[in-house]
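Asker:
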Amino acid sequence: MQYKGNLRKMSVKESTPIQYALNLSNETIDLNQCIGQSIKLEFTGVINCIDCGKKTSKSFSQGFCYNCFRNSPMAEPSIINPELSRAQWGEARDLKWAIEHDLIPHYVYLALSSEVKVGVTRHHQVPTRWIDQGATAAAILCETPNRHIAGVIEIVLKNHYTDKTSWMKMLKNDIGSISQLEAELKKAGTYLPKELQRYLVSKHEIRSLEYPVDTYPEKVKSITFDKTPKVEGTLMGIKGQYLIFEHGVFNIRRHSGYQVTLTLA
Ligand SMILES: [Zn+2]
1 MQYKGNLRKM SVKESTPIQY ALNLSNETID LNQCIGQSIK LEFTGVINCI DCGKKTSKSF
61 SQGFCYNCFR NSPMAEPSII NPELSRAQWG EARDLKWAIE HDLIPHYVYL ALSSEVKVGV
121 TRHHQVPTRW IDQGATAAAI LCETPNRHIA GVIEIVLKNH YTDKTSWMKM LKNDIGSISQ
181 LEAELKKAGT YLPKELQRYL VSKHEIRSLE YPVDTYPEKV KSITFDKTPK VEGTLMGIKG
241 QYLIFEHGVF NIRRHSGYQV TLTLA
């Protein structure tokens, strides 16, 4: 079977293990059933912006053309740095978009994706956000009424935790223990100044996530279309937004907007 279309991040469904699907040209392809099988992904050479759809010779910030990277609300700096959100003061690239996306409940969470990390997400992105990062377990620490406050809390906690996933460790399944996460959930609130402690949730519910991986790689080598336009091999598993092959790992999200053909055995 062959499919053609522009890559978007894989859609995920919480289940044991997590279910992954790729949407290409109106077809939904179940990727879990491809594990253990040979698959081929070929880049056609065309990249279409994930916002406006126009052809772009280069992808900026995981799938935007330069114009959208500079102007789209989906590429606003507060996406990466939530504390920069100014929607609560009526300022944004697109205020209507910001009201819908920034002025809604947000969570500050601790996750175990390699070490214990801190992060921010919109309330409706749980557990999708955690799955996209390849977290093995995560729990909500604070609930805030908007993105800005969640970002301010994250800044304080960044003095104690990383906000990045070590993707190599995550893909080798070299991760901390649940008891570490439990211990940090108890401690984290004490790092916050009084005026931010009011956003702490009263109970920490740890959610565990299991990924469809047959074998974790010992060495992790990143494969990109910018170096190799064809990726072919036996799919050993899927974690985060990565396809794990015997010879390397391929980050689907990084290639958002890239037009590909997918051939299944
Ligand atoms: Zn664009």
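Counted from 1, the sequence shown has number 258 at position 258 by our numbering; the numbering is strictly sequential. Ideal Cβ placement from N, Cα and C applies to all residues, glycine included.
Relative to the alpha-carbon of His123, which residue among Tyr107, Gly134, Ala111 has its alpha-carbon at the smallest distance?
Answerer: With distances taken between Cα atoms, His123 lies closest to Tyr107.
Asker: Since Ser57 is in the beta strand (DSSP E), which residue starts that stretch and which ends it?
Answerer: Note, Ser57: premise wrong, no beta strand (DSSP E); not H, not E.
Asker: Rank Glu182, Asn251, Pro145, Thr228 by C-alpha distance to the C-alpha of Met170 and give the top, closest one.
Answerer: Checked all of Glu182, Asn251, Pro145, Thr228; the closest Cα to Met170 is Asn251.
Asker: Between Met236 and Lys40, what straight-line distance do the alpha-carbon atoms span, to the nearest angstrom?
Answerer: Each residue's Cα considered, the two are about 13 angstroms apart.
Asker: Distance, Cα to Cα, Trp89 vs Ser78?
Answerer: Trp89 and Ser78: Cα-Cα distance of roughly 14 angstroms.
Asker: DSSP on Ala98, reduced to helix/strand/coil?
Answerer: The answer is helix: DSSP assigns Ala98 an H, G or I state.
Asker: Beta carbon of Asp94: closer than 8 angstroms to some heavy atom of ligand 1?
Answerer: False, no ligand heavy atom lies under 8 angstroms from that Cβ.
Asker: Between the beta-carbon of Leu209 and the beta-carbon of Pro127, is there less than 9 angstroms?
Answerer: A contact, by the Cβ cut-off of 9 angstroms.
Asker: Is there a C-beta anywhere in chain C that falls below 9 angstroms from the one on Tyr242?
Answerer: Here chain C cannot be found, since the structure has a single protein chain.
Asker: Nearest CA to the CA of Thr343: which residue from Ala265, Gln259, Pro212?
Answerer: Since the first residue of the chain shown is 1 and the last is 265, residue 343 is not available in this structure.
Asker: Indicate whether Phe64 and Ile80 have their beta-carbon atoms separated by less than 9 angstroms.
Answerer: Not closer than 9 angstroms, so no.
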